[in-house]
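A.B. asks: Take this structure, written in structure tokens, and hold onto it; I'll ask about it next.
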Amino acid sequence: MRSVAVLVFPGTNSEEETVRLLRVYGADARLVHWSCAQTLGEYDAYVLSGGFAYEDRIRAGAIAARDAMMDPVIDGARQGKLVMGICNGAQILLEAGLVPGSGDSRRPTAAFTRNVPPHFICKQVYVKLTVEPRRSIITAALAAGAVLPAWAAHGEGRLAAGAEQMAQIANENHLAFVYARADGRVDDAATPNGSALHCAGLVNRDGNVLALMPHPERVFPARSALFESFVKGVEAS
Amino acid sequence: MIDVALRGDERRRIAEALGREPTRVELYAFDAQWSEHCSYKSSRAHLRRLPTSGERVVLGPGEDAGILYLGEHDGERYAVVVAHESHNHPSQVVPFEGAATGVGGIVRDVLCMGAHVFGIADALRFGDVATPGTHRRHVAQAVVDGISAYGNAIGVPNLAGDAFFHEGFNENCLVNVIALGLVKEKEIVHSFAPPGSEGWPLVLVGKATDASGFGGASFSSLVLDAENEAANKGAVQVPDPFLENVLMRATYRVFALLHERGITAACKDLGAGGVMGCSAEICASGGYGARVDLDRINVAQANLPPEILAVGETQERMIFALPPEVVASVLRIYNEEFSLPEIAYNARAVVIGNVTKEKRYVLTHHGQAVMDVDIETLTKPREGALVPSEMGGARKVETASGAAELDAENPLSRLAALLSSLDGCSREPLYRRYDTVVRGCTVVPRGYADAGVVAPIPGSPLGVAVAVAGNPRYGVANPQLAAEYAVVEAVRKVVAVGARPIGLTDCLNFGNPTSAEHYAEFVAAVDGLAHTARDLGLPFVSGNVSFYNENASGKAIPASAIVACIGVLNDVARIVTPALKQAGSTLRFTRDIEEVLRAIQEGTVLACHVVTGDGVYAAAVEMACAAVRAGSELGVRLSDRLLRTDRGGFLLESSASCAEQVGTVLGEPIVVVGEASRSVREMYDAWAGRLDEIYA
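Quick mapping for you: the protein sequence lines, in order, are chains A and B. Numbering that gives the first Met the number 0 numbers the first residue of the first sequence as 0 and each following residue consecutively. Numbering that gives the first Met the number 0 numbers the first residue of the second sequence as 0 and each following residue consecutively.
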């Protein structure tokens, strides 16, 4: 069976529920604490969970993205290993340049930044899959146009990028998930943070790295079609 | 130099007890230990009247937190650890930091009992916030930001709470915080040095000591005075939730190690009185003394004077008394595995002294004893010192509720006005700044029902419900009645989700206890709490008293006995929320707690909501508003026959019709009373958005 590492940076706070939900779908998921970072290379896939890694100093995810713990994740992504980041994990993936780019330069081309209005918001939301499910091996087992419940819980979740990068995100199928109403309608009222393109989640070019701002793992009781699809993807990869 | 709050006669008593004049360090140490904040000297005699025992009580008041039996899962007996405190004075002076450190402190109070912290709650009382640019409006905003910043970062969901706005809090806000944790009954960690611990090392863990928070205990025991602003600000501690996040996780690891090895240790949060207060209480409560070398404390700055090292209230610190053979492993967990020194400047775990057989409390600094006193004299509870000679009466009566009386001619417009007022509106713009779902165990998030519900044991259907209550308008009218209502309302809120209440906590927020009038209010409130809790068969397992909540001219806050209730559910799948569910069903009113619990258990209740002083119509419209939020298009037709519901109760939605019905659920989103009707959506928008002007 393939193994999944759930990374714990100093300041991570959602590691327990994340590892628990991965196990619900049969994943061999383990917490990997920062003091054991040297073991990370041995894992087949990576999940970066929510929290405030390194206190979100400078920008959310900025320090963690440059931490040595991310070396095996970036190397693994390049080799085609699956990587999923939720909330702070998503911010870290963008800061590391893994999404929407390739992580080559560790330079971000887009960011999840300060909400509009500029406050932390905790709100139940729905996210809608806007790419073909098979665009990403992580979403391959979802239904086309799937609408999934999740919790937004962040202060910095608004997609921001330069005009060129934003056009690339929109035109090259990076926009994996948008905020929607329960019935699937997409509009500003369903978007809790002013995110550009109503963006809730982005995928990289090769489809093996997904960054999602809201938390599917906080819905009670814990069930998530996305986590299930991720675990299937890990076994298939 | 900071003022000490000790009175002249107490200084004389210190000198008498020592047989000499106290050293400077001793003076500050006694000032902290004998302060109202630490000693409850004015309240202890009355607090004894509260019921504190019962079959669910695992640990009553006395340590950092109380413990209630929750239930069994997989052959293990689990308990809920709960603590309730105020951080009023700091929050008034420096609201963001004051409120944030309030959360940090209460979380460590629960943590140090060996528990995994699974939730917090808050009860907030702010002044008139209508005018932008005022300090009181800033307080109302920054307190919420402080609680949000701290609770969110440490990853503990905010499960319940309330907020009131009343001019009586213009110069003295109230920030009451509650924390909840889960512990296996056999793995409870106590805060006293256990038998046989003579000679054990005392290990200080956490943030490097600095000059912040010096004089906090005695500062909370004085009336806030503008002239002391600089010193007051210095008495407020500095929060570091990032460090607390790591400290909590490291401490969970340490507890696991202690349980693996079958070691009984002592652990206690550093609160008022700093290193001195914490180490002295751990050792004295075990029947021992202590010797602490101040030079061994990890510090953030050089040359701190010994009194700051001894009693300063730097945050994010705890002390363990540990058997010598485990000390190296514990230091390694904190300092290496969780790398505390890299998380915050010079944060670490360090041995600072020992438990001693001789019952003295000795502090050394630069090789010299700077404090050497009898430990029992230092820590022994003091009481009765401040009872006024004559009790005053309660203050003038204010309209008991924010509810405007319903106008028979036009009930719906009055109702709409109430629901869009600061008293009656939704608190969602406030609590949506709080992470209510981190940890993935939240069953009913804050604001979705009268109580928050959490399933703290993954894989178990056992649930814990928590709610708070304490309406300041009742406090102004009648402190005893207000306290009674606070108990009843907190209990009802827990019952309304289908949970059986098992215990209570309280925080008693009052004015200056040396004023006969304010002391009488406090005594009356304790009367109210005591007999109501007894009538309901519920124990108080944790609590706190906060006096001196008054301005420089002696005007005190509304009498504020704030109560939290803890309830249990055998199966979280059976919870009930207030959102209306089904057109054609009926609404009925009852006050009978057992009837409500039985009906919910039987599955005949579609929705349930507590009726407060705002009345039954307001409760019904709130149920319709909750349905709108959940995406249902339901409304309600309400009987225009007058109902005596002024003492509050429950409104139940059920599919069975009944004789005593209050209303009928409609399939369209309108509220109808007699001939009048109004759109629920319109009322919802006014109700839901009112606080946006402060929290958007």
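The beta carbon of each residue, even a glycine, is placed where N, CA and C say it ideally should be.
Can you tell me which of the three DSSP states B:Glu9 falls into?
C.D. replies: Start at 1 with the first residue of the second sequence, and residue 9 of chain B comes out as number 10. It is helical.
A.B. asks: Which partner residues does A:Trp150 have in the DSSP bridge list?
C.D. replies: Position 151 of the first sequence, counting from 1, holds the residue named residue 150 of chain A. A:Trp150 pairs with A:Gln123, A:His214.
A.B. asks: Is there a C-beta anywhere in chain A that falls below 8 Å from the one on B:Glu315?
C.D. replies: Against the second sequence, residue 315 of chain B aligns to sequence position 316. No - not a single Cβ of chain A is within 8 Å of the one on B:Glu315.
A.B. asks: Tell me which same chain residues have a C-beta within less than 6 Å of the C-beta of A:Ser13, skipping the five on either side of it?
C.D. replies: On the first sequence, residue 13 of chain A is found 14 positions in, with the first residue counted as 1. Same-chain partners within the cutoff: Ser48, Gly49, Gly50.
A.B. asks: With distances taken between CB atoms, is the gap from A:Ala199 to A:Val177 smaller than 8 Å?
C.D. replies: Stepping through the first sequence from its first residue, residue 199 of chain A is reached at position 200. Stepping through the first sequence from its first residue, residue 177 of chain A is reached at position 178. Cβ atoms of A:Ala199 and A:Val177: closer than 8 Å.
A.B. asks: Just to make sure I have the definition right: I need the residues of chain B whose C-beta is within less than 7 Å of the C-beta of A:Phe8. Which are they?
C.D. replies: As a position in the first sequence, residue 8 of chain A is number 9, starting the count at 1. Going along chain B, no residue has its Cβ under 7 Å from A:Phe8, so there is no contact; the nearest lies around 10 Å.
A.B. asks: Can you give the Cα-Cα distance for B:Ala618 and B:Val102, rounded to whole angstroms?
C.D. replies: The residue you call residue 618 of chain B lines up with position 619 of the second sequence. The residue you call residue 102 of chain B lines up with position 103 of the second sequence. About 31 Å.
A.B. asks: Taking the straight line between their C-alpha atoms, what separation do you get for A:Asn192 and B:Asn548?
C.D. replies: As a working mapping, residue 192 of chain A is identified with position 193 in the first sequence. As a working mapping, residue 548 of chain B is identified with position 549 in the second sequence. Approximately 38 Å between the Cα atoms of the pair.
A.B. asks: When you compare the stretch 285 to 292 of chain B with the stretch 161 to 180 of chain B, are there three or more beta-carbon pairs, one atom per stretch, that lie closer than 8 Å?
C.D. replies: no
A.B. asks: Any idea what DSSP makes of B:Asp449, helix, strand or coil?
C.D. replies: Locating residue 449 of chain B in the second sequence gives position 450, counting from the first residue. Here B:Asp449 sits in coil by DSSP.
A.B. asks: Pick out the complete beta strand (DSSP E) segments inside the stretch 542 to 603 of chain B, 3 residues or longer, and give them in chain order.
C.D. replies: 559 to 568, 585 to 589
A.B. asks: Taking the beta strand (DSSP E) that B:Asp373 falls in, what are its first and last residues?
C.D. replies: In the second sequence, counting from the first residue as 1, residue 373 of chain B sits at position 374. Segment 367 to 373, the beta strand (DSSP E) holding B:Asp373.
A.B. asks: Determine the direct distance from the alpha carbon of B:Val138 to that of B:Glu166, and round the result to whole angstroms.
C.D. replies: Counting from one through the second sequence, the residue named residue 166 of chain B turns up at place 167. Counting from one through the second sequence, the residue named residue 138 of chain B turns up at place 139. Rounded to the nearest angstrom, the two C-alpha atoms are 13 Å apart.
A.B. asks: Note down, in chain order, every chain C residue with its Cβ under 7 Å from the Cβ of A:Gly50.
C.D. replies: The chain labelled as chain C is not found among the protein chains of the depicted structure, namely A and B.
A.B. asks: Could you name the residues of the stretch 168 to 198 of chain A whose beta carbon sits closer than 7 Å to any beta carbon of chain B, in the order they occur along the chain?
C.D. replies: Ala181
A.B. asks: Is the beta carbon of A:Asn203 closer than 8 Å to that of A:Pro99?
C.D. replies: Here residue 99 of chain A is taken as the residue at index 100 of the first sequence, counted from 1. Here residue 203 of chain A is taken as the residue at index 204 of the first sequence, counted from 1. It is a contact, given that the beta carbons lie within the stated cut-off.
A.B. asks: Using a cut-off of 8 Å between C-beta atoms, extract the partners of A:Pro107 located in chain B.
C.D. replies: The residue you call residue 107 of chain A lines up with position 108 of the first sequence. Within 8 Å Cβ-Cβ: nothing; A:Pro107 doesn't reach chain B, min ~22 Å.
A.B. asks: Residues of chain A with CB closer than 7 Å to the CB of B:Tyr433, please, in chain order.
C.D. replies: Position 434 of the second sequence, counting from 1, holds the residue named residue 433 of chain B. Those within 7 Å of B:Tyr433 in chain A are Cys121.
A.B. asks: To the nearest angstrom, report how far apart B:Cys424 and B:Glu306 are at their CA atoms.
C.D. replies: Taking the second sequence and counting its residues from 1, one reaches residue 424 of chain B at position 425. Taking the second sequence and counting its residues from 1, one reaches residue 306 of chain B at position 307. Within the model, the alpha-carbon separation for B:Cys424 versus B:Glu306 is close to 48 Å.
A.B. asks: Helix, strand or coil for B:Ala703, going by three-state DSSP, please let me know.
C.D. replies: In the structure as shown, chain B begins at 0 and stops at 695. Residue 703 of chain B is therefore absent and cannot be evaluated.
A.B. asks: When you compare the CB positions of B:Ala82 and B:Ser541, do they come within less than 8 Å of one another, or not?
C.D. replies: Reading the second sequence from its first residue, position 83 is the one you call residue 82 of chain B. Reading the second sequence from its first residue, position 542 is the one you call residue 541 of chain B. In terms of Cβ geometry, B:Ala82 and B:Ser541 form a close pair [threshold 8 Å].
A.B. asks: Tell whether a beta-carbon distance below 8 Å holds between A:Ala109 and A:Asn87.
C.D. replies: Taking the first residue of the first sequence as 1, we reach residue 109 of chain A at position 110. Taking the first residue of the first sequence as 1, we reach residue 87 of chain A at position 88. No, Cβ-Cβ distance for A:Ala109 and A:Asn87 is not below 8 Å.
A.B. asks: CA-CA distance, B:Pro538 and B:Glu483?
C.D. replies: As a working mapping, residue 538 of chain B is identified with position 539 in the second sequence. As a working mapping, residue 483 of chain B is identified with position 484 in the second sequence. The straight-line gap from Cα to Cα measures roughly 14 Å.
A.B. asks: Using a Cβ-Cβ cut-off of less than 9 Å, list which residues of the stretch 201 to 234 of chain A approach chain B; keep chain order.
C.D. replies: Along the stretch 201 to 234 of chain A, the positions whose C-beta sits under 9 Å from a C-beta of chain B are His214, Glu216, Arg217, Val218, Phe219, Pro220, Ala221, read in chain order.
A.B. asks: Starting from the beta carbon of B:His338, find every residue of chain A whose beta carbon is closer than 9 Å, and list them in chain order.
C.D. replies: Taking the first residue of the second sequence as 1, we reach residue 338 of chain B at position 339. According to the sequence provided, residue 338 of chain B is Ser. The question's His does not apply to it. Within 9 Å Cβ-Cβ: Pro9, Trp33, Ser34.
A.B. asks: For chain B, check one thing: does any of its Cβ atoms lie closer than 8 Å to the Cβ of A:Pro132?
C.D. replies: On the first sequence, position 133 is the one that residue 132 of chain A refers to. It does not: the Cβ of A:Pro132 has no partner Cβ on chain B nearer than 8 Å.
A.B. asks: If you measure from the beta carbon of A:Pro148 to each beta carbon in chain B, is any gap under 8 Å?
C.D. replies: Locating residue 148 of chain A in the first sequence gives position 149, counting from the first residue. With 8 Å as the cut-off, A:Pro148 does not count as an interface residue toward chain B.
A.B. asks: Would you kindly report the start and end of the unbroken alpha helix (DSSP H) that includes B:Asp691?
C.D. replies: Counted from its first residue, the second sequence places residue 691 of chain B at position 692. Per DSSP, B:Asp691 belongs to the alpha helix (DSSP H) from 691 to 694.
A.B. asks: Could you please tell me which residues of the stretch 62 to 83 of chain A, in chain order, have their CB closer than 7 Å to any CB of chain B?
C.D. replies: The residues in question: there are none.
A.B. asks: When you compare the stretch 123 to 143 of chain B with the stretch 265 to 283 of chain B, are there three or more beta-carbon pairs, one atom per stretch, that lie closer than 8 Å?
C.D. replies: no
A.B. asks: Could you list which residues in chain A have their beta carbon closer than 7 Å to that of B:Ala695, in chain order?
C.D. replies: What you label residue 695 of chain B is simply residue 696 of the second sequence in a count that begins at 1. Result: Pro116.
A.B. asks: So which residues on chain B does A:Ala110 lean against when the C-beta distance must stay under 7 Å?
C.D. replies: One-based indexing of the first sequence puts residue 110 of chain A at position 111. Here the premise fails: no neighbours, minimum Cβ distance about 20 Å.
A.B. asks: Report the three-state DSSP secondary structure of B:Thr513 (helix, strand or coil).
C.D. replies: To locate residue 513 of chain B, count along the second sequence from 1; it is residue 514. Note: B:Thr513 maps to coil in three-state DSSP.
A.B. asks: Would you kindly report the start and end of the unbroken alpha helix (DSSP H) that includes B:Met275?
C.D. replies: In the second sequence, counting from the first residue as 1, residue 275 of chain B sits at position 276. Per DSSP, B:Met275 belongs to the alpha helix (DSSP H) from 273 to 284.
A.B. asks: Scan the stretch 630 to 680 of chain B and note each continuous alpha helix (DSSP H) run of 4 residues or more that stays entirely inside, going in chain order.
C.D. replies: none
A.B. asks: Please check if any C-beta of chain B sits within less than 8 Å of the C-beta of A:Ser13.
C.D. replies: Here residue 13 of chain A corresponds to residue number 14 of the first sequence, with the count starting at 1. Yes, its Cβ sits closer than 8 Å to a Cβ of chain B.
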